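Residue numbers (our numbering), protein chains in the order written: chain A, 1 to 111; chain B, 1 to 116. Everything on this sheet refers to the single structure shown next.
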Amino acid sequence: SQQGEEDPQALSIQEGENATMNCSYKTSINNLQWYRQNSGRGLVHLILIRSNEREKHSGRLRVTLDTSKKSSSLLITASRAADTASYFCATDAGAGNMLTFGGGTRLMVKP
Amino acid sequence: NAGVTQTPKFQVLKTGQSMTLQCAQDMNHEYMSWYRQDPGMGLRLIHYSVGAGITDQGEVPNGYNVSRSTTEDFPLRLLSAAPSQTSVYFCASSSSIQGHSGNTIYFGEGSWLTVV
């Protein structure tokens with residue numbers, strides 16, 4: 001079973017717009033990570049937010065975490081066509097467990 | 001620096017055949033894992049290893065075997081391939097248990113496997 005569930009499953013926006021993706025999870029976590037996957041490629045780590053953090057920034061990326069609601073959001077500002085990819089959240093519950101991934105959001109940025 | 005290298009990239013198997021997906025990392029990472037990704041879904045953990053000589057099962061281990069004789073290599077064996085094992089397989093490595101330090105996981109480029 002998947003720990004994280006992304007919303008929406010697919011998102012299409014124009015270049016320059018902001019893209020927001022949400023992730024909900026079920027159990028307590030140590031940290032939550034966001035990954036990007038270009039079509040036919042492996043996953044690339046974007047950003048990690050720990051359970052005691054509420055917001056984190058990296059370039060055009062902004063991630064928030066609300067542990068009370070068991071949810072996280074990824075905001076990509078001023079999107080570019082090159083941001084077209086699938087984005088996955090992954091949770092780490094600790095105790096030696098590996099990451100548990102959600103189903104992903106497919107983002108298309110139209111030029 | 002090659003990172004995580006998986007071979008083969010593509011493979012077609014007949015039902016009942018066996019094969020091994022190879023995975024090697026050159027970052028001296030202790031932790032390695034195998035995931036499968038089915039269409040429209042996220043990754044599901046098959047097996048993982050926290051160091052040479054140590055392996056454990058993930059969420060979907062049935063039909064797969066792993067071994068970790070060296071730090072660098074973590075092969076995934078399909079014992080008797082079934083159509084349900086048609087998927088994309090990703091190997092990953094990291095330098096510590098994620099829950100303790102939150103280090104980045106590095107993924108290979110994937111192996112596309114079709115079982116007919």
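Backbone N, C-alpha and C define an ideal beta-carbon position, used for all residues, glycine too. These numbers were taken from a predicted model, which means no experiment stands behind them.
Please confirm whether B:Gly99 has its beta-carbon closer than 8 Å to some beta-carbon of chain A.
Translated into the one-based positions of the second sequence, residue 99 of chain B becomes position 99. Here B:Gly99 scores only 42 on pLDDT, less than 50, and its place in the model should not be relied on; the value that follows carries that caveat. Judged by the 8 Å Cβ criterion, B:Gly99 is in contact with chain A.
Determine whether the beta carbon atoms of B:Leu21 and B:Tyr35 lie at a separation below 8 Å.
The count along the second sequence starts at 1 and reaches residue 21 of chain B at position 21. The count along the second sequence starts at 1 and reaches residue 35 of chain B at position 35. Not in contact: B:Leu21 and B:Tyr35 (Cβ atoms no closer than 8 Å).
Can you look up B:Gln85 in the DSSP assignment and give me helix, strand or coil?
Start at 1 with the first residue of the second sequence, and residue 85 of chain B comes out as number 85. Residue state, collapsed to three classes: helix.
List the DSSP bridge partners of B:Phe74.
By 1-based counting over the second sequence, the position of residue 74 of chain B is 74. None, per the DSSP bridge assignment.
From the beta carbon of B:Tyr48, is the nearest beta carbon of chain A less than 8 Å away?
Mapped onto the second sequence, residue 48 of chain B falls at position 48. Using a Cβ-Cβ cut-off of 8 Å, B:Tyr48 counts as an interface residue toward chain A, since at least one Cβ of chain A sits closer than that to its own.
Give me the residue from A:Val109, A:Lys26, A:Gly16 and A:Ala85 with the minimum Cα distance to A:Ala93.
As a working mapping, residue 93 of chain A is identified with position 93 in the first sequence. The option with the nearest alpha carbon to A:Ala93 is A:Lys26.
Report the residue ranges of all alpha helix (DSSP H) runs contained in full by the segment 33-101 of chain A; include only those spanning at least 4 residues, in chain order.
Counting whole runs of 4 or more residues, the segment 33-101 of chain A contains no alpha helix (DSSP H) stretch at all.
Between A:Arg54 and chain B, is any beta-carbon pair separated by less than 8 Å?
On the first sequence, position 54 is the one that residue 54 of chain A refers to. No, A:Arg54 lies away from the interface with chain B (no Cβ there is under 8 Å from its Cβ).
On the CB-based measure, 16 or more other CB atoms within 10 Å of its CB, does B:Arg68 come out buried or exposed?
Mapped onto the second sequence, residue 68 of chain B falls at position 68. When all chains shown are included, B:Arg68 counts as buried.
Examine chain A for any beta-carbon lying closer than 8 Å to the beta-carbon of B:Leu45, and answer yes or no.
Indexing the second sequence from 1 puts residue 45 of chain B at position 45. Yes, contact with chain A.
At a CB-CB cut-off below 9 Å, which residues of chain A make contact with B:Ser33?
By one-based count along the second sequence, residue 33 of chain B stands at place 33. Neighbours of B:Ser33 on chain A, chain order: Met98 and Leu99.
Quick check: what's the CA-CA separation for B:Thr55 versus A:Met108?
By 1-based counting over the second sequence, the position of residue 55 of chain B is 55. By 1-based counting over the first sequence, the position of residue 108 of chain A is 108. Each residue's alpha carbon lies about 38 Å from the other.
In the DSSP assignment, find the beta strand (DSSP E) that holds A:Met108 and state where it starts and stops.
Taking the first sequence and counting its residues from 1, the one referred to as residue 108 of chain A is at position 108. Going by DSSP, A:Met108 is part of the beta strand (DSSP E) stretching over Thr105 to Lys110.
Does the segment 14-32 of chain A come close enough to the segment 9-26 of chain B that 3 or more CB-CB pairs lie under 8 Å?
no
Going along chain A in order, which residues have a C-beta closer than 7 Å to the C-beta of B:Thr104?
Locating residue 104 of chain B in the second sequence gives position 104, counting from the first residue. Those within 7 Å of B:Thr104 in chain A are His45.
Can you give me the Cβ contacts of A:Leu114 inside the same chain, cut-off strictly under 7 Å, excluding the 5 residues immediately before and after it?
As shown, chain A starts at 1 and ends at 111. That puts residue 114 of chain A outside it, with no answer to give.
Whole beta strand (DSSP E) runs in the segment 23-51 of chain B with 3 or more residues, listed along the chain?
Annotation note: the segment 23-51 of chain B contains the following uninterrupted beta strand (DSSP E) runs of length 3 or greater, listed N- to C-terminal: 31-37 and 43-51.
Using 10 angstroms around the beta-carbon of A:Pro100, count the other beta-carbons present and answer buried if the total reaches 16, otherwise exposed.
Walking along the first sequence from the start, residue 100 of chain A turns up at place 100. For the record, residue 100 of chain A in the displayed sequence is Thr; it is not Pro. When all chains shown are included, A:Thr100 counts as buried.
Closer than 8 Å, CB to CB, is A:Gly16 near chain B or not?
Taking the first sequence and counting its residues from 1, the one referred to as residue 16 of chain A is at position 16. No - not a single Cβ of chain B is within 8 Å of the one on A:Gly16.
For A:Gln2, which of helix, strand or coil comes out of DSSP?
As a working mapping, residue 2 of chain A is identified with position 2 in the first sequence. The predicted position of A:Gln2 is uncertain, since its pLDDT is 48 and thus under 50; no value can be drawn from it.
Among B:Ser111, B:Pro61, B:Gly40 and B:Met41, which residue has its Cα nearest to the Cα of B:Ser49?
By 1-based counting over the second sequence, the position of residue 49 of chain B is 49. Answer by Cα proximity: B:Pro61.
Please state whether DSSP places B:Thr20 in a helix, a strand or coil.
Mapped onto the second sequence, residue 20 of chain B falls at position 20. Note: B:Thr20 maps to strand in three-state DSSP.
Less than 8 Å between CB atoms is the rule here; does A:Gly102 satisfy it with respect to chain B?
The residue labelled residue 102 of chain A in the question sits at position 102 within the first sequence. Yes, contact with chain B.
Whose C-beta lies closer than 8 Å to the C-beta of B:Gly99 among residues of the same chain, with five residues either side of it excluded?
Position 99 of the second sequence, counted from the first residue, corresponds to residue 99 of chain B. Bear in mind that a pLDDT of 42 at B:Gly99, under 50, signals an unreliable position, so the number given afterwards is only what the model happens to contain. For B:Gly99, where only same-chain residues beyond five positions count, there are no Cβ hits under 8 Å.
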